[in-house]
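Student: Quick one: this structure, given as structure tokens, is what I'll be asking you about.
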Amino acid sequence: MMELEITGKEDLLIAKTQVLVKKDETNLTALDMYENYCGELGINENISKGSFNADDSSWFIETLSSIKGEIEFSTGFNYSSEAGLGFYNTTPSNISRRSIASSIPNVSRMYTTFNLPLIFFTFRPPSQDLRSENTKWNENEKGFCIYAEHRRYNSSTDKFALAIQVTEKEVKFFFQKINGTSHQLYLNVFEGNDSTNTTLYNQYHLANLFSDSERTEVIINLGKEYKTYGMFTYNKDVSNVEQVLSSEISWMQETPEGTQVIVSTAVIDKGNTPESEDWIYQPFGSTQILSVEEGANLSNKNLFIKVELETSNPKISPSINQMDFKIMTSNDMKYMQLITDSLERFHNVEGELAIKYDASKGNLRGAGGSVESFEVSFTPEDLNPTPNPYVSENLKILATVKIHFAKVNLHYLSPLDQGIITARVLNVNLDLIHADIINP
Numbered sequence: 036m037m038e039l040e041i042t043g044k045e046d047l048l049i050a051k052t053q054v055l056v057k058k059d060e061t062n063l064t065a066l067d068m069y070e071n072y073c074g075e076l077g078i079n080e081n082i083s084k085g086s087f088n089a090d091d092s093s094w095f096i097e098t099l100s101s102i103k104g105e106i107e108f109s110t111g112f113n114y115s116s117e118a119g120l121g122f123y124n125t126t127p128s129n130i131s132r133r134s135i136a137s138s139i140p141n142v143s144r145m146y147t148t149f150n151l152p153l154i155f156f157t158f159r160p161p162s163q164d165l166r167s168e169n170t171k172w173n174e175n176e177k178g179f180c181i182y183a184e185h186r187r188y189n190s191s192t193d194k195f196a197l198a199i200q201v202t203e204k205e206v207k208f209f210f211q212k213i214n215g216t217s218h219q220l221y222l223n224v225f226e227g228n229d230s231t232n233t234t235l236y237n238q239y240h241l242a243n244l245f246s247d248s249e250r251t252e253v254i255i256n257l258g259k260e261y262k263t264y265g266m267f268t269y270n271k272d273v274s275n276v277e278q279v280l281s282s283e284i285s286w287m288q289e290t291p292e293g294t295q296v297i298v299s300t301a302v303i304d305k306g307n308t309p310e311s312e313d314w315i316y317q318p319f320g321s322t323q324i325l326s327v328e329e330g331a332n333l334s335n336k337n338l339f340i341k342v343e344l345e346t347s348n349p350k351i352s353p354s355i356n357q358m359d360f361k362i363m364t365s366n367d368m369k370y371m372q373l374i375t376d377s378l379e380r381f382h383n384v385e386g387e388l389a390i391k392y393d394a395s396k397g398n399l400r401g402a403g404g405s406v407e408s409f410e411v412s413f414t415p416e417d418l419n420p421t422p423n424p425y426v427s428e429n430l431k432i433l434a435t436v437k438i439h440f441a442k443v444n445l446h447y448l449s450p451l452d453q454g455i456i457t458a459r460v461l462n463v464n465l466d467l468i469h470a471d472i473i474n475p
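When we follow the numbering used here, the leftmost residue of the sequence shown carries the number 36, and every step to the right adds one.
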């Protein structure tokens, strides 16, 4: 098994690929494998939707299905009489024939569409002129299969046959040598996105053909594996909770048809992980953490939360977000936390601070119900004096310039001339007085 990352221009990741090359020692022909490939997908091998019999030709065929890789491939493929197969990340706007032989190493003749495919497989002797014959193909919504024979032009030598199966996840090639020389299977990467740029960005050697076996199957996983199940666990140390007063848990979720979100919780000793029997299912919309009992002592305990996502359709996924949980203790009944706006908070206090609550205007609630009006005075501790409250002060200095004019008679100036006098303050002196800390 060979693993590759197929990349293109500017390191565009096309697919994380696994390539399996199997030397087939059976007596199966490529036509036999075409029938097998069709049977795997439920395609009728006796019906053909067309043929690719010609020399120096290229065909673009729209299909019902496509490959799903790191990028989304469009439906359709390109087949060349010179033994090439291409796939596109967008449907080509110009499907007329063009030669790309000069762009691909190890290929002397090759034709494809004018707007090039993103990836293009070549499987041919490097210096020969080939033609295709006895070709056929068929498809359904699961994928498509191709059968083809190639031989040297105007000759019966260097002939081979192949069967191809293309599904959402992979491409399978089965090569059968009839007579002739060995050659190679390459994967070539162009710019894609309906490009006419014939620059080849990467070429990957996938397999040697007919060098030590007359039959070779190559399975290329170009697709992205979508999971139908996923799980995430989170744990929190709750050993500081000596007596549980109450608990809360909430989250948001989206569950399209055929999907579900399963949330479970468990409380166990620190250092251990939950067993299957420790987990307690937490229904969506429930507010209490069902594994946390009121009055329980959670010393030396961890709270575990497990989220499971399931789908019957790998193209559709559920989602969960904004999960929040709280465990209140008996100590929480003795304290009230006040959080003030950062712009309005006090940094320095002289004497006592008074807090007054009006029940008619507020909505504070405790374990026993609404909180009654109260007023509490106390002396704050651990405040850090801040001489400069929040925003820095700016000092603006305004200077006044006074000008006194004296009349001077100048008889030699032209009456049209005008004089301009500019007054400037050259130096400003500012004396600052230290005022110590000012209570804001």
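C-beta atoms are modelled at their ideal positions from N, C-alpha and C, and glycine is treated no differently.
#1: Taking the Cβ atom as the reference point for each residue, do Ser299 and Ile315 lie within a distance shorter than 8 Å?
#2: Go through its chain and collect everything with a Cβ distance to Ser282's Cβ below 6 Å, but skip five positions before and after it.
#3: Is the number of C-beta pairs between the region 128-142 and the region 59-79 that are closer than 8 Å three or more?
#4: Hey, Leu564 and Thr251: beta-carbon distance below 8 Å or not?
#5: Rounded to the nearest angstrom, how far is the Cβ of Thr294 from that of Pro353, given a contact under 8 Å?
#6: With a threshold of 8 Å, are at least 3 pairs of Cβ atoms found where one atom belongs to the region 267-276 and the other to the region 332-342?
#7: Which two residues bound the contiguous alpha helix (DSSP H) that contains Glu174?
#8: Near Asp229, what residues of its chain come up, given a Cβ to Cβ distance below 7 Å and the 5 sequence neighbours on each side ignored?
#9: So within the region 238-269, which uninterrupted beta strand (DSSP E) runs reach at least 3 residues, ignoring any that extend past its ends?
#10: Could you tell me the alpha carbon to alpha carbon distance between Phe156 and Glu80, rounded to whole angstroms?
#11: Going by the DSSP bridge assignment, what does His185 pair with across the sheet?
#12: Should Lys336 be labelled buried (16 or more other beta-carbon atoms within 10 Å of its own) or exposed?
#13: Taking C-beta to C-beta, are Ser116 and Leu165 nearer than 8 Å?
#14: Thinking Ile213 and Tyr114 are a contact (beta carbons under 8 Å), I'd like their distance in whole angstroms, please.
#15: Span of the alpha helix (DSSP H) holding Asn480?
#16: With distances taken Cα to Cα, identify the nearest neighbour of Asp313 among Tyr146, Ile303, Gly320, Ser321.
#17: Please state whether the Cβ-Cβ distance between Ser167 and Asn88 is less than 8 Å.
#18: Would Asn173 be called buried (16 or more neighbouring beta carbons within 10 Å of its own) or exposed?
#19: For Leu257, verify whether its CB is less than 7 Å away from any heavy atom of the ligand GDP.
#20: Applying the criterion that 16 or more other CB atoms from any shown protein chain within 10 Å of the CB defines a buried residue, is Phe409 buried or exposed?
#21: How long is the line joining the alpha carbons of Met358 and Lys305, rounded to whole angstroms?
#22: Going by DSSP, name the residue or residues bridged to Met287.
#23: How long is the line joining the alpha carbons of Glu310 and Gly111, rounded to whole angstroms?
#24: What are the boundary residues of the beta strand (DSSP E) that includes Phe409?
#25: Who does Arg144 pair with in a DSSP beta bridge?
#26: Please identify the residue among Glu416, Val460, Asp90, Ala441 whose C-alpha is closest to the C-alpha of Leu433.
#27: Under a three-way DSSP split, which group does Thr346 fall into?
#28: Rounded to whole angstroms, what is the Cα-Cα separation between Gln278 and Leu48?
#29: Tell me the DSSP secondary structure of Ala331 in three-state form.
#30: For the beta strand (DSSP E) containing Gly119, list its first residue and its last residue.
#31: First and last residue of the beta strand (DSSP E) that includes Asn223?
#32: Kindly indicate the opening and closing residues of the beta strand (DSSP E) around Ala389.
#33: Are the beta-carbon atoms belonging to Asp59 and Ser248 less than 8 Å from one another?
#34: Once the 5 residues before and after Thr231 are set aside, which same chain residues still bring their CB inside 8 Å of it?
#35: Tell me Leu55's beta-bridge partners as DSSP assigns them.
#36: With DSSP collapsed to three states, give me the class of Glu45.
Tutor: Taking the definition as stated:
#1: Here residue 299 is taken as the residue at index 264 of the sequence shown, counted from 1. Here residue 315 is taken as the residue at index 280 of the sequence shown, counted from 1. Yes. Within cutoff.
#2: As a position in the sequence shown, residue 282 is number 247, starting the count at 1. Contacts found: Gln323, Ile324, Val327, Ile362.
#3: Segment contact: the region 128-142 against the region 59-79, fewer than three CB-CB distances shorter than 8 Å; contact not assigned.
#4: Residue coverage of the chain in this structure runs from 36 to 475, which leaves residue 564 outside it and unanswerable.
#5: Reading the sequence shown from its first residue, position 259 is the one you call residue 294. Reading the sequence shown from its first residue, position 318 is the one you call residue 353. Thr294 to Pro353, Cβ: 4 Å. Contact.
#6: As far as the Cβ criterion goes, the region 267-276 touches the region 332-342, which means the pair count is three or higher.
#7: Locating residue 174 in the sequence shown gives position 139, counting from the first residue. Counted as a single uninterrupted DSSP element, the stretch harbouring Glu174 is not any alpha helix (DSSP H) but the beta strand (DSSP E) occupying residues 165-175.
#8: Your numbering for residue 229 matches position 194 in the sequence shown. So the list reads Thr125, Pro127, Ser128, Asn150, once near-sequence residues are dropped.
#9: The region 238-269 contains these whole beta strand (DSSP E) runs: 250-256.
#10: Stepping through the sequence shown from its first residue, residue 156 is reached at position 121. Stepping through the sequence shown from its first residue, residue 80 is reached at position 45. Roughly 23 Å separates the two Cα atoms.
#11: Taking the sequence shown and counting its residues from 1, the one referred to as residue 185 is at position 150. When DSSP reads this structure, His185 sits in a beta bridge with Ser167, Phe195.
#12: For the purposes of this step, residue 336 is taken as the residue at position 301 of the sequence shown. When all chains shown are included, Lys336 counts as buried.
#13: By 1-based counting over the sequence shown, the position of residue 116 is 81. By 1-based counting over the sequence shown, the position of residue 165 is 130. Yes, Cβ-Cβ distance for Ser116 and Leu165 is below 8 Å.
#14: Mapped onto the sequence shown, residue 213 falls at position 178. Mapped onto the sequence shown, residue 114 falls at position 79. Ile213 to Tyr114, Cβ: 19 Å. No contact.
#15: The chain is shown from 36 up to 475; residue 480 falls before or after that span and cannot be answered.
#16: The residue labelled residue 313 in the question sits at position 278 within the sequence shown. Closest in C-alpha terms to Asp313, from the list Tyr146, Ile303, Gly320, Ser321, comes Ile303.
#17: The residue you call residue 167 lines up with position 132 of the sequence shown. The residue you call residue 88 lines up with position 53 of the sequence shown. Against a cut-off of 8 Å, the Cβ pair of Asn88 and Ser167 comes out as a contact.
#18: Position 138 of the sequence shown, counting from 1, holds the residue named residue 173. Classification of Asn173: buried, given that the 10 Å Cβ count is 16 or more.
#19: Here there are no bound small molecules, and the ligand GDP is not part of this structure.
#20: As a working note, residue 409 is residue 374 in the sequence shown. Counting of Cβ neighbours within 10 angstroms places Phe409 among the exposed residues, the total staying below 16.
#21: Here residue 358 is taken as the residue at index 323 of the sequence shown, counted from 1. Here residue 305 is taken as the residue at index 270 of the sequence shown, counted from 1. Computed Cα separation, rounded: 23 Å.
#22: In the sequence shown, the residue the question calls residue 287 occupies position 252. The bridge partners DSSP lists for Met287 are Asn356.
#23: Here residue 310 is taken as the residue at index 275 of the sequence shown, counted from 1. Here residue 111 is taken as the residue at index 76 of the sequence shown, counted from 1. Glu310 and Gly111 have their C-alpha atoms roughly 50 Å apart.
#24: Looking up residue 409 in the sequence shown gives position 374. Looking at the DSSP string, the run of the beta strand (DSSP E) that includes Phe409 is 409-413.
#25: Indexing the sequence shown from 1 puts residue 144 at position 109. Arg144 is not bridged by DSSP to any residue.
#26: Taking the first residue of the sequence shown as position 1, residue 433 is located at position 398. Ranking Glu416, Val460, Asp90, Ala441 by Cα distance to Leu433 puts Val460 first.
#27: The residue you call residue 346 lines up with position 311 of the sequence shown. Taken through DSSP and simplified to helix, strand or coil, Thr346 comes out as strand.
#28: Position 243 of the sequence shown holds residue 278. Position 13 of the sequence shown holds residue 48. Rounded to whole angstroms, Gln278 to Leu48 spans 54 Å at the Cα level.
#29: Reading the sequence shown from its first residue, position 296 is the one you call residue 331. Here Ala331 sits in coil by DSSP.
#30: One-based indexing of the sequence shown puts residue 119 at position 84. Element bounds for Gly119: 119-122.
#31: For the purposes of this step, residue 223 is taken as the residue at position 188 of the sequence shown. First-last of the beta strand (DSSP E) with Asn223: 218-224.
#32: Looking up residue 389 in the sequence shown gives position 354. Taken as a continuous stretch (DSSP letters only), the beta strand (DSSP E) holding Ala389 covers 388-392.
#33: Translated into the one-based positions of the sequence shown, residue 59 becomes position 24. Translated into the one-based positions of the sequence shown, residue 248 becomes position 213. It is a contact, given that the beta carbons lie within the stated cut-off.
#34: Translated into the one-based positions of the sequence shown, residue 231 becomes position 196. Counting only Cβ-Cβ distances below 8 Å, and skipping sequence neighbours, we find Asn129, Phe149, Asn150, Leu151.
#35: One-based indexing of the sequence shown puts residue 55 at position 20. Beta bridge pairing from DSSP links Leu55 with Ile254.
#36: Within the sequence shown, residue 45 is the residue found at index 10, counting from 1. Glu45: helix per DSSP, three-state reduction.
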